[in-house]
Amino acid sequence: MAGVADVRVEESLRVKIGEAKNLAATSAGPRNTFCAVRLDSEEIYRTAVIEKSLSPFFGEEFAGEIPKKFRTLSVLLYESGSKSEKVIGKVSLKKDELYKFHQKEHWFPLSHADAETDVQGKVQLEVRFGEYLNTEQDIFSSHRMAVKVVECSDLMVVNGACNPYAVVTLSWGKLKHKEVKRTAVRKKTICPQFDEVFCFDLNNKGQNHDRNIYSFDDIYAGELSVSLWHDDSKVSREVLGNMFRGSFLGEVKIMLRDLDLSTVHRAWYCLQAREPNKPSPQELGSIRLKISYTADYVFSSHYYEDLRTLLLASTDVEPISSSAAFILGDIVDSQQQAAQPLVRLFLHCEKLVPFLQALAAQEMSQTGDPNTLFRGNSLLSKMIDELMKLVGLPYLHDTLKTFIDDVCDDPKPCEIDPTRLKEGENLREHEEEVSAKHYPDNSNVRYHAVTSFIFLRFFAPAILGPKLFELRSDSQDLAVQRALTLISKAITTLVNIISSKTVNFGLKEEYMVPLLDSVSTATTMDSIRMFLDIISSATGAYAKNIEAPIVLKEGLMIKRAQGRKRLGLKNFKKRYFSLTNQYLAYSKAKGEKPLCVIPIEDILAVERLHEDSFKMKYMFQVVQQQRALLDLLTKVCKTNKNRLKVFHPGAFINGHWLCCKSVDANAPGCSPVTGGLPVTEIQVDIDPDRELEKIHSLFLAHMDKLDALQEACGCQAVYAGVLEEPRASMRVEDPQSCFQTVNEIQKCVISLEQEHKQYLRMVQRSTVIGSRDAPIGDETCGMLAGAKTAL
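Pasting the structure below:
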């Protein structure tokens, strides 16, 4: 059985933002709107702005890994103004609710965005009861409740700052009497350490007692509230005497009757939002979303040995339709779901090309019309789509990025559909503009046309959605999107003309005819044919060595130089960073000369930095060989002999390391370096165990279809009696071999699922509610039992 440390949880999220409807108009008319996706309070994606529409269509999608824990997924609809952005409404879903909407489109009503409903973080509290002697007359003993606010973690940042303090409130009695106390303010931190104790005296009521003295029974039925606030107003503190508390960060409410008076109660609590005010009668509209959230419980490699062997044997199975990989593509709802993990697994195991050849042979044998060959959404076409995205990114950037940048950075009117022309625009000028954009009079034109298969499934999607292929980091407005659409149509039609030998093949719009007449010259056609001959040559004599660096990520970050000793120099500076497949560089601003360039091979480790090092969130360090502290570290790694084994997750400040408290600046690291990626594989980062886990989950989710396929095979070849026709969706070419493969698949899936269930039971037994990892009020703690079945 797998231990807790042997299993890792990998989470991924995909959010497709469709359209909004029934938005309210302003006095100035329709609004300019855009959407943003948030995990808790952190924005992770933003769409393009749709101008002047009460029913804006966005048609954008975010997909990515989730590197941290989160509690709430939110999609916010903004009104975009010239100087400010205003939230129109939002959709908020708790993490444990996402399974209800998995891979299904829903219309979600927009709700009002209230700052007091957006909270995150947790707080550690300690509550104890005690009895002490009282010197007052007629009162021999009293009770006292001590509340200690220990610390908080991962609080929300408000307007770029977080100066938190806590307010402790004890309320009791029918009239809700209150006693309020507060901590000191902690400056510039989202993980404050308070360690402050507040005592509440719980006196026993006697006949001569003051009316303000309350009984222990009243208190026992009372409520303890701890709220966190951001101290954001200097005027409020110094002039108005703390009249305004600041920005609300969250609260915890504890009923005292739920506590054990005989022991010390010490626990972590998730901060909760306040109850929203009465809902406004005004409807804000609704938005269409498709949300897919998955959590893969990835085991060690040996647990997947049987499934791996069965899948990789698909190459040698005849017919190929009886193989495990083919059956997976046949039973899933979308073959893209099966194609992605299969391509990555087979590529990692160097079995991809033989399997694709077998699929191609099978598809060609069943295709009668050559014009439709490889045009359908088969498992083969989807796997080649995924393969081109996985390994063809450098070629795509080298061929298209400059061209796409020109279209996006210098947009020109090029509409050629008469029904879409705006007032004052000239159709002939637009046709000339599009022609010049497509095929200027130079030799590079032939590189924009490829075989119909590669272009239709690789270049065309990249032109239509440059952000999805990392050609652009920003979203495009409607004018640029239309220009890219026309470019895609023109090039697609040219390729179709050559492959079909029919001038009007695939031409559906009459307004495209004048444009194609001007560009489909004999010279252009000969150039395209020559290019097709070159790329289809088996000699590789024309292979191009792409040396241009591919930009993987760029943007502004705050940089701190470690070990700087000169006085008066500012250590924290804003710099524009650019990460390519060859180096990491930064400059003062975008487009300026780099101040520093670090080759990828010189980066020995990249690790997170503890938040308490500089009271800043999401800091990481890039470790280089030149740093003196690394001279004594052992440099061991399976894939890179120079890779480090240990590092310091904290900073060296005030003469000591914050992580291990060592006073030696050259001391070896105190934490192991996490797993890395070889430089040669930075473009193809494949985790075979995770891909096998995805395949296992797909088989498990479609066990009913496996049963139906097995039954169909049995009716045809195994069982005696009247033969029944298999279901229309089940393609059984060889019932005997297919039946045997399905039986092996079911054995692997059932065996793996038993391991998953044992692991989840073990996690449930070892989870301590109230600990830092499982705070009270965290809904995600209850997701473990249903994680595998729901997702």
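Be aware that the sequence shown starts at 1, since it is given in UniProt numbering, and climbs by one per residue.
From the three backbone atoms N, C-alpha and C, an ideal C-beta is built for every residue, glycine too.
Keep in mind the model is a prediction, meaning the values are calculated, not measured.
- By the Cβ criterion, the segment 45-63 is in contact with the segment 17-33, since at least three pairs of Cβ atoms, one from each stretch, lie closer than 8 Å.
- Contact check between the segment 757-767 and the segment 733-742: fewer than three CB pairs, one atom from each, fall below 8 Å, which does not count as touching.
- Residue 291 and residue 42 have their C-alpha atoms some 18 Å from each other.
- Burial is judged here by how many other beta carbons sit within 10 angstroms of a residue's own beta carbon; residue 120 has at least 16 and is buried.
- With at least 16 other beta carbons inside 10 angstroms of its own, residue 408 counts as buried.
- Check the Cα spacing between residue 14 and each of 20, 60, 24, 50: the tightest is with 60.
- Short of 8 Å from the beta carbon of residue 779, and not among the five residues preceding or following it, lie these beta carbons of its own chain, in chain order: 71, 94, 95, 96.
- DSSP places residue 178 in the uninterrupted beta strand (DSSP E) bounded by 177-182.
- Look at residue 323 here: in three-state DSSP terms it is coil, with no helix or strand label.
- Pairing residue 489 with residue 525 gives a Cβ-Cβ distance that is not under 8 Å.
- A Cβ-Cβ separation of about 6 Å places residue 151 in contact with residue 194 under the 8 Å criterion.
- Taken atom to atom, the span from the alpha-carbon of residue 288 to that of residue 88 is near 15 Å.
- DSSP places residue 355 in the helix class (H, G or I) of the three-state scheme.
- Annotated as distal: residue 396 and residue 338, with beta-carbon spacing of 8 Å or more.
- When only Cα atoms are considered, residue 260 and residue 183 end up about 25 Å apart.
- Counting along the chain, residue 704 sits inside the alpha helix (DSSP H) bounded by residues 703-713.
- A residue is called buried once 16 or more other Cβ atoms fall within 10 Å of its Cβ, and residue 323 is buried on that count.
- Pairing residue 262 with residue 143, the inter-Cα distance amounts to about 12 Å.
- The shortest CA-to-CA distance from residue 34 to any of 84, 8, 6, 231 is the one to 84.
- Residue 554 and residue 588 have their C-alpha atoms roughly 13 Å apart.
- Straight-line measurement puts the Cα of residue 62 at about 30 Å from the Cα of residue 275.
- Cβ neighbours of residue 115 within its own chain (closer than 8 Å, five residues either side excluded): 247, 248.
- Taking C-beta separations shorter than 6 Å and ignoring five residues to either side along the sequence, the partners of residue 331 in its chain run 702, 705, following chain order.
- When secondary structure is reduced to three states using DSSP, residue 314 falls in the helix class.
- In the structure shown, residue 28 falls within a coil segment according to DSSP collapsed to helix, strand and coil.
- According to the DSSP assignment, residue 409 belongs to no beta strand (DSSP E) but to the alpha helix (DSSP H) extending over 393-409.
- Listed as beta-bridge partners of residue 38 by DSSP are 43, 74.
- Under DSSP, residue 111 takes part in a beta bridge, and its partners are 90.
- Just so you know, the alpha carbons of residue 250 and residue 123 end up roughly 10 Å apart.
- Assigned with DSSP and collapsed to three states, residue 152 falls in strand.
- In the structure shown, residue 366 falls within a coil segment according to DSSP collapsed to helix, strand and coil.
- Comparing alpha-carbon positions, the option among 742, 200, 266, 66 lying closest to residue 768 turns out to be 266.
- Straight through space, the alpha carbons of residue 591 and residue 472 are spaced by roughly 15 Å.
- Taking a contact to require three or more Cβ pairs closer than 8 Å, the segment 294-303 and the segment 686-693 qualify as touching.
- For residue 742, the enclosing alpha helix (DSSP H) stretches over residues 735-766.
- About 3 Å separates the Cβ atoms of residue 475 and residue 48, confirming a contact at the 8 Å cut-off.
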